[in-house]
Amino acid sequence: MPKHQLNINEQVFTVEAEDDMPLLWVLRDVLNMTGTKYGCGVASCGACTVLLNETAVRSCATTIKSCAGAKITTIEGLSDALLHPVQQAWEEVNVPQCGYCQAGQVMSVAGMLKRNKQPSKETIEAVMSQVICRCGTYDRIRRAIDIAVAKVNNP
Amino acid sequence: MKHSVNRRHFLKLSSFTGGGLMLGLVLPEWAKATGSAADCESFKPSAYLCINKDNTVIVYVAKQEIGQGVNTSLPMLVAEELECDLKSIKVEIAPYGSLGQGAHDTGGSQSVMGLFDPMRKAGATARTMLIAAAAKRWNTGVEVCTAEKGKVVNNKTGASLSFGELVCDAAKEEVPKEVLLKNVKDFKVIGKGQKKNNLKDILTGKVQYGIDVKVPGMVYAAVARCPVMGGKLVSVDDSEALKIPGVVKVLRYEGTGAPMHVRAGVAVVATNSWAALRARKALKIVWDESKGKGVNTAQLEKDMAARAKQKPAEAIPVKGNAADTIIAGPNSMVAEYSAPFVAHATLEPVNFTAQVKDGKCELWGGLQLPDWTVGLVAQELQIKSSDIKVNLTLSGGGFGRRLHSDFALEAVKLAKQLDHPVKVIWDRTDDIRFDVFRPANHHRLAAKWDAQGRITHWQHHVLTTSITRVQRPDAKQLSENLGGASQDFWYDIPNVYAGYSNVDFSINRGWVRGVEFVVNVFPLESFVDEVARKLKKDPLQYRLSMLEGRKPFEAKFNDNWKETIDPERMAGVLKLAADKIGWHKPAAKNIYRGIACHCYTTAKAYAAHAVEIEIKGPKQFIIKKIVATIDCGLVIDPDGLKNQMEGGTVFALSQALKSEIHIQDGKVVEDGFFNYGVLRYNEMPAIEVHVVPSEASPGGAGEVGLPTLAPALCNALAAAGNRPRRLPLQKDGYSWS
Ligand code: FES
Ligand code: FES
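These protein sequences, in sequence, are chains A and B.
Just so we're on the same page, the numbering used here is the position in the first sequence counted from 1, plus 5.
Just so we're on the same page, the numbering used here is the position in the second sequence counted from 1, plus 298.
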């Protein structure tokens, strides 16, 4: 089986896996990093969102091969002490219910704010409509995004 | 162990076993056991909590955390009486079996209600024993000692001892028979906003759900299931599947019937989830699908509409003589409403892990009724329940899906053919196609009024594809309860009659969040609105005229089950919702408002929704604002309560707008989030939640935010001139933004 080098949360891992194995399953089943969640496997729910070179991608639709040389950030790599502004905003608003979708929500916002510190309402809707929350925390997510945007602009 | 169960019975049972009785039985045992412990590391005055030498307090929560917040609200009850900082508490899932039969049953919005006293008593008991231990140390009376912030303080000398320093002595203290609980006005923790207990773990990716379980030697399985209920495997060619790297073997098993209806399956077992899911696609299977022939939801809708016009199969006279009244003529109206099968679609797809070895079994996953599951697994394996070990986990959403055990039985059927523990992983398509659906339903309502426009006769014929029928095919009575439509119907009408008819249909179905209340309140609160509008009365005032001044009344469902309903509390949530939506203010052009209320009888809670919409075209609208109000008695965790109401509203909004399961020839048509509609971020309207302050004993909230959303929205559409009578709105060409 082919070998792959992955740079995840500033650590290098060597993984033996098929070229087309999705990053999601590499993280979860091979590396036992279960913070990234499975919700659909076909890029329809956003639960599995991670950052690939600082861009939010669906890890269920990203092959391990396409990650070669890239810098991967998962929810585990954001900040253990909750220092990331998106984590802080989420904490302030007390967003989660079951919590299952929240890694995907947080990583999507983190990716969005990396590209655009002042996203328009339309941009936010376009990005966040890809990430389902079945518990229905959307209003809190909306409030938390406002706070995160403020934090990013006035650190 | 009973293998088929009436949900109501379960819920009654769980609130009962969570009651004071438990404490009396369990407490002294635990206290003695730990008192004699030589290590003196901890003090465990009951199965609910443990205090360690390092001052940490572990609270064991038996109810399953599925997003409804029990891991936050229940520990608050302990902290309040124990007098410790909530931050010093570590929450753990109570080991299965540690609290007795029924303790883990999670459903019906009953958790806080059932544990309000036991959890507080557990805290107070520990506090009393810690104080007694400290008083002895200081050689003084207990009356000069108080507990605060994790310490016992000597009020004479100012000396203090931390709980941790007292664990060894406290464990030797006599367990008090009775303890004094605080007055509401002295609460410091209860009723104050709290952050979710595992917020930090969620935000750092550390939180573990059933799907994250990893046990040594574990293999992964993906199952190809027979697409129709009751179908059989004819043949399978697994040669291509076995070639895929990582695949270990392919297993087969037969399906089972009631109560769980596990489908016949072919399972690919592999070293990781992806290999299993991928290899499953390479199986070439022929199923016998003949049982599904002609099983179509399009036909079911017609059958239900036809059946609705006949006499109900089961009559439930409520009061007066509406049963024999044929409602027709000038001062009357009749209307029919319907709603389809819907799925749970928890964001964590169904999954389960099991191991069967040496005549014993071990299970890992989220289970809302684990006792039932254990009974069924014992039967499947022909072993004793005591040989089954259950490791409960958090779940990424429940909504009733994990009240069922089909997925656990399936995992066990595989595990018994393997030497390794196996995690069965369902992809999203499996999760939707093989769900246990909320029954499709149809209603015929009729009302008659007098010259003043007061309703004198009310009839409600409820038709569903019965849950009882699918779980217990030989059951005589199928109308378990009619949630709001029978004895607990809240309007003051002299003659009320409810009837129930089952319409058989071959698909598995079960309890989905809000259960019978979601099913019945939509037609009921739509119809009362229809009558009001027909009589040109204000729908709010019309409702209030049938609530205000009505004394609390008792809904008696059978000899050992009754509930009290207070119409004034109902009026309270209704008026609050009306105020907050601006009901009394004139509406701008194209702006319309709708309102609805209900009593979630079994959760002892009252709630209302008011919805404001803007009409953009004949069937096009924008939801401008939603107001949700609730009175569920004393509130434990106000922010958690609001979150539940917001979430309940969103869940109900998905169903009102776009969730629908179609079945063709016994097969589910929908297969993922692309065609099974759930609300997304861009569709989220502005929402406000308002809580009626109350000191009534606490009720539940997890399901209470659902039932009134759809009728309030449809009533707003009706105000604009177009009354929807079936859900989801998408089905009749409505669009929204
Ligand atoms: S799991 Fe990747 S988008 Fe749903
Ligand atoms: S918090 Fe449960 S799915 Fe979003």
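For every residue, glycine included, the Cβ atom is placed at its ideal position computed from N, Cα and C.
Compute the minimum distance between the beta carbon of residue i and the heavy atoms of ligand 1, and state whether it is under 7 Å.
| i | result |
| --- | --- |
| LEU29(A) | yes |
| CYS65(A) | yes |
| ALA46(A) | Strictly speaking, residue 46(A) in this sequence is Gly, with Ala absent from that position. GLY46(A) Cβ: within cutoff of ligand 1. |
| CYS138(A) | no |
| GLY51(A) | yes |
Checking 8 Å against the spacing of the C-beta atoms, do residue i and residue j come in under that value?
| i | j | result |
| --- | --- | --- |
| ASN580(B) | ALA574(B) | Reading the sequence as shown, one finds Ala at residue 580(B) and not Asn. No, the Cβ-Cβ distance between ALA580(B) and ALA574(B) is not below 8 Å. |
| ALA954(B) | PRO1026(B) | yes |
| ALA52(A) | GLY40(A) | no |
| GLU646(B) | GLY592(B) | no |
| MET982(B) | ARG148(A) | no |
| ALA783(B) | ASN818(B) | yes |
| VAL616(B) | TYR795(B) | yes |
| CYS524(B) | TRP585(B) | yes |
| ASP937(B) | GLY491(B) | yes |
| LYS475(B) | MET527(B) | no |
| LEU428(B) | LEU464(B) | yes |
| LEU747(B) | SER703(B) | Per the sequence shown, residue 747(B) should be read as Trp rather than Leu. It is not a contact, given that the beta carbons lie outside the stated cut-off. |
Within 10 angstroms of the Cβ of residue i, are there 16 or more other Cβ atoms? Answer buried if so, exposed if not.
| i | result |
| --- | --- |
| PRO628(B) | exposed |
| THR899(B) | buried |
| ASP24(A) | exposed |
| GLN942(B) | buried |
| MET487(B) | A small fix is needed here, since residue 487(B) is Val in this sequence, not Met. Flag for VAL487(B) reads buried. |
| VAL532(B) | exposed |
| GLN408(B) | buried |
| LEU88(A) | exposed |
| GLU327(B) | With a pLDDT of 35 at GLU327(B), under the threshold of 50, the modelled position of this residue cannot be trusted, and the question is left open. |
| HIS9(A) | buried |
| HIS740(B) | buried |
| SER1035(B) | exposed |
| LYS682(B) | exposed |
| ILE723(B) | buried |
| HIS882(B) | exposed |
| ASN888(B) | exposed |
| GLN366(B) | buried |
| PHE461(B) | buried |
| PRO416(B) | buried |
| ASP34(A) | buried |
| GLU15(A) | exposed |
| PHE919(B) | buried |
Any heavy atom of ligand 2 closer than 7 Å to the Cβ of residue i?
| i | result |
| --- | --- |
| PRO850(B) | no |
| LEU1004(B) | no |
| THR54(A) | no |
| ARG700(B) | no |
| TYR43(A) | no |
| THR404(B) | no |
| CYS930(B) | no |
| GLN92(A) | no |
| TYR105(A) | yes |
| THR142(A) | yes |
| GLY421(B) | no |
| LEU645(B) | yes |
| GLY694(B) | yes |
| GLY555(B) | no |
Quick one, which of the options has its alpha-carbon nearest residue i's?
| i | options | result |
| --- | --- | --- |
| ARG250(B) | ALA433(B), THR404(B), GLU381(B) and GLY448(B) | As displayed, chain B neither begins before 299 nor continues past 1035, which places residue 250(B) out of reach and without an answer. |
| ASP535(B) | LEU549(B), ARG550(B), ILE583(B) and ALA420(B) | ILE583(B) |
| SER571(B) | VAL98(A), VAL20(A), LYS122(A) and GLY46(A) | GLY46(A) |
| TYR635(B) | PRO821(B), LYS965(B), ALA745(B) and LYS609(B) | PRO821(B) |
| GLN715(B) | LYS470(B), LEU549(B) and ASP499(B) | LEU549(B) |
| GLN750(B) | VAL829(B), LYS774(B) and ALA885(B) | VAL829(B) |
| LEU118(A) | ASN158(A), VAL62(A) and TYR105(A) | ASN158(A) |
| ALA115(A) | PRO27(A), VAL17(A), PRO101(A) and VAL62(A) | VAL62(A) |
| ARG726(B) | MET38(A), ILE137(A) and ALA94(A) | ILE137(A) |
(request) Closer than 7 Å, Cβ to Cβ, to anything on chain B: give me those residues from the stretch 99 to 129 of chain A, in chain order. (result) ASN99, PRO101, GLN102, CYS103, GLY104, TYR105, CYS106, GLN107, ALA108 and VAL111
(request) Determine which residues of the stretch 638 to 654 of chain B have a Cβ less than 8 Å from any Cβ of chain A, and write them out in chain order. (result) ALA643, THR644, LEU645, GLU646 and PRO647
(request) Report the residues of the stretch 32 to 59 of chain A with a CB closer than 9 Å to any CB of chain B, ordered along the chain. (result) ARG33, ASP34, VAL35, ASN37, MET38, THR39, GLY40, THR41, LYS42, TYR43, GLY44, CYS45, GLY46, VAL47, SER49, CYS50 and ALA52
(message) Taking beta-carbon pairs under 7 Å, can you tell me which members of the stretch 725 to 741 of chain B lie near chain A?
(response) ASP725 and ARG726
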